[in-house]
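Encoded as structure tokens, the structure appears first; notes follow it.
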Amino acid sequence: MQPYLVFRLYGAMASWGQPAVGCDRHTGVIPSRSALLGLLGAALGIKRDEQSTLTMLQKSVQFAIKQSAPSLLLRDYHTTQVAANHNNVHYHTRKQELDKGKLATVLSSRDYRCDGVWVVAVSLTNDAMFSLEQLQQALLTPAYPLCLGRKSCPPALPLMPTILESCSLKQALDTSFPAITGSEKSDRYWFGCVGQHRVATYYWSGDKAAMDDIGDNVVYTTQLWDEPLNRQRWQFTQRIMHQVTLPILEDE
474 MQPYLVFRLY
484 GAMASWGQPA
494 VGCDRHTGVI
504 PSRSALLGLL
514 GAALGIKRDE
524 QSTLTMLQKS
534 VQFAIKQSAP
544 SLLLRDYHTT
554 QVAANHNNVH
564 YHTRKQELDK
574 GKLATVLSSR
584 DYRCDGVWVV
594 AVSLTNDAMF
604 SLEQLQQALL
614 TPAYPLCLGR
624 KSCPPALPLM
634 PTILESCSLK
644 QALDTSFPAI
654 TGSEKSDRYW
664 FGCVGQHRVA
674 TYYWSGDKAA
684 MDDIGDNVVY
694 TTQLWDEPLN
704 RQRWQFTQRI
714 MHQVTLPILE
724 DE
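Numbering (the numbering used here), first residue to last: 474 to 725.
Here is the structure:
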């Protein structure tokens, strides 16, 4: 039992970046650790070049996630004009880059998750330099606009951050939030669950046994590349993530 800060993320579109090779930018199914750190950093008003403060935040928090609604994949095709043969030149503005003369076209794609719902539970580490109360207040009155992975993906609902003083990890992730569509019955239809068994998938890092009350359900362990290592070079390192899928009871 320990305290948690719990909030819900929902948006028409979200993009949880994965390692990018070439011109394709893929998205994960759930918020990545780097995206959640960025969300809290924006709420707290930490600027991208404040490396020491960002590192303090990174060392202070752990995340667990519950996905209770399936999301759909959307791929957006992009064409972008860039200055040709000027890769080592730093441009202060987009206009300055386009005024350089000869332009080249870069073809790429961007992936998004549509209509996903995620409940996030934040816990503090032994080295925490922020309090749950500070994080809660920041999410209620963010210093910078919040987004779901990309600036073009704002939250569609208030996050409603809540502090739970003492509970298990599963109890924290099972926290109830108001229905998205205005009624629980409509929500179930919207989730595509009429006449079907609803399920939720739980994701957490750290101790594999931290998720209690899961019965005989199988826990899968994977490795993700979403732990920030060097923000200037956009480098990430691996971390361990556990996940289990459980049925949702009718009264949840």
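C-beta atoms are modelled at their ideal positions from N, C-alpha and C, and glycine is treated no differently.
Can you tell me whether residue i is helix, strand or coil according to DSSP?
i           : result
residue 567 : helix
residue 544 : coil
residue 523 : coil
residue 610 : helix
residue 592 : strand
residue 480 : strand
residue 529 : helix
residue 511 : helix
residue 673 : strand
residue 576 : strand
residue 644 : helix
residue 557 : coil
residue 709 : strand
residue 506 : helix
residue 487 : strand
residue 630 : coil
residue 605 : helix
residue 624 : coil
residue 665 : Low local confidence applies: a pLDDT of 48 at residue 665 is under 50, so the model's placement there is unreliable, with the coordinate-based value given in what follows. Coil at residue 665, not helix or strand.
residue 719 : strand
residue 697 : strand
residue 652 : coil
residue 517 : helix
residue 682 : helix
residue 474 : coil
residue 619 : coil
Buried or exposed: where does residue i fall if 16 or more other Cβ atoms within 10 Å of its Cβ makes it buried?
i           : result
residue 478 : buried
residue 520 : exposed
residue 538 : buried
residue 682 : exposed
residue 707 : exposed
residue 492 : exposed
residue 518 : exposed
residue 611 : buried
residue 625 : exposed
residue 688 : exposed
residue 605 : buried
residue 665 : Reliability of the predicted coordinates at residue 665 is poor, the pLDDT of 48 falling under 50, and the value obtained from them is presented with this limitation in mind. With fewer than 16 Cβ atoms within 10 Å of its Cβ, residue 665 is classed as exposed.
Tell me, to the nearest whole angstrom, how far the beta carbon of residue i is from that of residue j; I am working on the premise that it is less than 8 angstroms.
i           : j           : result
residue 673 : residue 721 : 5 angstroms
residue 476 : residue 637 : 6 angstroms
residue 485 : residue 588 : 7 angstroms
residue 608 : residue 513 : 6 angstroms
residue 696 : residue 716 : Actually they are not in contact, since the Cβ atoms of residue 696 and residue 716 sit about 12 angstroms apart, beyond 8 angstroms.
residue 569 : residue 704 : Not quite, the Cβ-Cβ distance comes to about 24 angstroms (not below 8 angstroms), so this is no contact.
Output yes or no for whether 8 angstroms exceeds the beta carbon distance between residue i and residue j.
i           : j           : result
residue 619 : residue 516 : yes
residue 555 : residue 576 : yes
residue 613 : residue 634 : yes
residue 641 : residue 680 : no
residue 701 : residue 544 : no
residue 675 : residue 643 : yes
residue 533 : residue 598 : yes
residue 474 : residue 649 : no
residue 540 : residue 503 : yes
residue 602 : residue 529 : yes
residue 579 : residue 553 : yes
residue 505 : residue 647 : no
residue 654 : residue 690 : no
Measuring only between beta-carbons, confirm whether residue i sits less than 8 angstroms from chain B.
i           : result
residue 597 : Structure shown: chain B not included; a single protein chain is present.
Is the number of C-beta pairs between the region 592 to 609 and the region 478 to 491 that are closer than 8 angstroms three or more?
-> yes
Contact the region 578 to 585 vs the region 496 to 505: 3+ CB pairs below 8 angstroms = yes
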